[in-house]
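Residue numbers (the numbering used here): 16 to 238.
We put the beta carbon where it would ideally sit given N, CA and C, even for glycine.
Treat the numbers as computed from the prediction; the structure is a model and nothing was measured.
Everything below concerns the one structure shown next.
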Ligand SMILES: *Cc1c(COP(=O)(O)O)cnc(C)c1O
């Protein structure tokens, strides 16, 4: 655990102050997450509702800002609205409508990011870059969600420099959307870059990076 805390401190020192580091915590134990918080992490990214419930019951709902960075099924929307401070993976009208309805039900505005499939990979989640503006207009009437920005993974490429064009395109879509001034949008977050690519992502305009391996070390199932 001391290893995690030290790695976190080292990474946070090297990241500009306007960039938020989200600790991508899938498969990590509450103790590992606690060590990351001890090193200065303020936001934890989770892929699964059940893991989040376990982490929050060990650490406390207020221990961190909790972000959903994994796919969300509509039948888990109610749990997600309760568990997360930001849902980074919204990519369909039906999901947006469901989150809006859940927000309205408990009289809260639900902050979301639109996930962009910047590599235009058919099997991957996310809205294609050329469809981001149309999608944002489509959900602009939903007053109980607030679009805080965009999130992208980009294709899995061995060389992080090869991701730059995908980050740059996502950034252009972000800027265009911010200029539109849609009524339920307050565009401040551009979430892109993971352990291997966060430096390039920051240079291309990321204001948020999602780091797992770089903070916690290799995952057990990764060998
Ligand atoms: C696991 C994960 C990350 C972090 O990946 P690393 O390569 O371990 O940094 C970032 N974003 C999402 C959506 C993830 O699922």
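3 or more residues per run - each beta strand (DSSP E) lying fully within the stretch 106-189: 125-131, 160-167
In DSSP terms, what residue 61 is bridged to: Translated into positions along the chain shown, residue 61 becomes position 46. Bridge partners of residue 61: 83.
query: Would DSSP call residue 228 helix, strand or coil?
result: Walking along the chain shown from the start, residue 228 turns up at place 213. Correct three-state label for residue 228: helix.
- prompt: With 16 as the cutoff for other CB atoms within 10 Å, does residue 133 come out buried or exposed?
  reply: In the chain shown, residue 133 corresponds to position 118, counting from 1. Looking at its Cβ environment, which holds 16 or more other Cβ atoms inside 10 Å, residue 133 is buried.
message: Which same chain residues end up closer than 7 angstroms to residue 6 when comparing Cβ atoms and leaving out the 5 residues on each side of it in sequence?
response: Because residue 6 is not part of the residues shown, which for the chain are 16 to 238, the question remains open.
field: Where residue 46 falls: helix, strand or coil (DSSP)
entry: Here the question's residue 46 lines up with position 31 in the chain shown. In the structure shown, residue 46 sits in a helix (DSSP, three-state: H, G or I).
- prompt: Which residues share a DSSP beta bridge with residue 26?
  reply: Your numbering for residue 26 matches position 11 in the chain shown. None; residue 26 has no bridge partner.
task: Determine the direct distance from the alpha carbon of residue 154 to that of residue 324, and round the result to whole angstroms.
output: Residue 324 falls outside the range modelled here, since the chain spans only 16 to 238, and no answer is possible.
message: Quick check on residue 237: does DSSP put it in helix, strand or coil?
response: The count along the chain shown starts at 1 and reaches residue 237 at position 222. Confidence at residue 237 is low in this model, with a pLDDT of 49, below 50, so its placement is unreliable and the value that follows should be read with caution. Helix, per DSSP.
query: In whole angstroms, what is the alpha-carbon distance linking residue 49 and residue 121?
result: For the purposes of this step, residue 49 is identified with residue 34 of the chain shown, where counting begins at 1. For the purposes of this step, residue 121 is identified with residue 106 of the chain shown, where counting begins at 1. Using only the alpha carbons, I get a separation of about 30 angstroms.
field: Beta-carbon proximity list for residue 203, same chain, < 8 angstroms, skipping 5 on both sides
entry: Residue mapping note: residue 203 aligns to position 188 of the chain shown, counting from 1. If we look at residue 203 and ignore the five residues flanking it on each side, its Cβ neighbours are 163, 164, 222.
query: Hey, how far is the Cα of residue 119 from the Cα of residue 160?
result: What you label residue 119 is simply residue 104 of the chain shown in a count that begins at 1. What you label residue 160 is simply residue 145 of the chain shown in a count that begins at 1. If I take the Cα positions, the gap works out to 9 angstroms.
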